[in-house]
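To start, the structure itself, in structure tokens.
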């Protein structure tokens, strides 16, 4: 699975580089990656909506992942998919200590590379330990 994921990522990067080279452009450098996932809203309720002007200004300025959709239900499985690239779920019924995740994930890979990361969950409602991957 790990090898397949690496091949996929390298293929995407290769396509990106080929496309940019064909246009005479270089791959832009970046120092930060920000992901703003939303729940319980459809694409049309968010993108282009006048009720979310700041988020839409970020989309216009920085970009939008247009091919990302939920893979599982409930939400916890989607958090794992977003961070590990795999469908892992505790079915929202167990605490993290009773369902340990040992797969490589974006946080462990960043830390191994000497980088930092942060998570800013807002308006997430009442905290329940089983919702913490």
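Numbering (the numbering used here), first residue to last: 48 to 180. For glycine and all other residues, C-beta sits at the position ideal for the given N, C-alpha and C.
Proximity below 8 angstroms, CB of residue i to CB of residue j
| i | j | result |
| --- | --- | --- |
| residue 119 | residue 128 | yes |
| residue 133 | residue 150 | yes |
| residue 105 | residue 83 | yes |
Cα-Cα separation between residue i and residue j, rounded to whole angstroms
| i | j | result |
| --- | --- | --- |
| residue 156 | residue 101 | 30 angstroms |
| residue 164 | residue 92 | 29 angstroms |
| residue 160 | residue 96 | 38 angstroms |
| residue 122 | residue 168 | 14 angstroms |
| residue 154 | residue 78 | 16 angstroms |
| residue 162 | residue 76 | 16 angstroms |
| residue 89 | residue 166 | 23 angstroms |
| residue 48 | residue 114 | Residue confidence for residue 48 is low, a pLDDT of 49 falling below 50, so the modelled location carries little weight; the figure read from the coordinates is stated next. So the alpha carbons of these two residues sit roughly 21 angstroms apart. |
| residue 103 | residue 87 | 17 angstroms |
| residue 99 | residue 110 | 15 angstroms |
Cβ neighbours of residue i in the same chain (closer than 8 angstroms, five flanking residues each side left out)
| i | result |
| --- | --- |
| residue 135 | 124, 127, 128, 148, 150 |
Residues near residue i in its chain [Cβ-Cβ closer than 6 angstroms; skip 5 each side]
| i | result |
| --- | --- |
| residue 131 | 150, 152 |
| residue 112 | none |
Residues near residue i in its chain [Cβ-Cβ closer than 7 angstroms; skip 5 each side]
| i | result |
| --- | --- |
| residue 85 | 93 |
| residue 108 | none |
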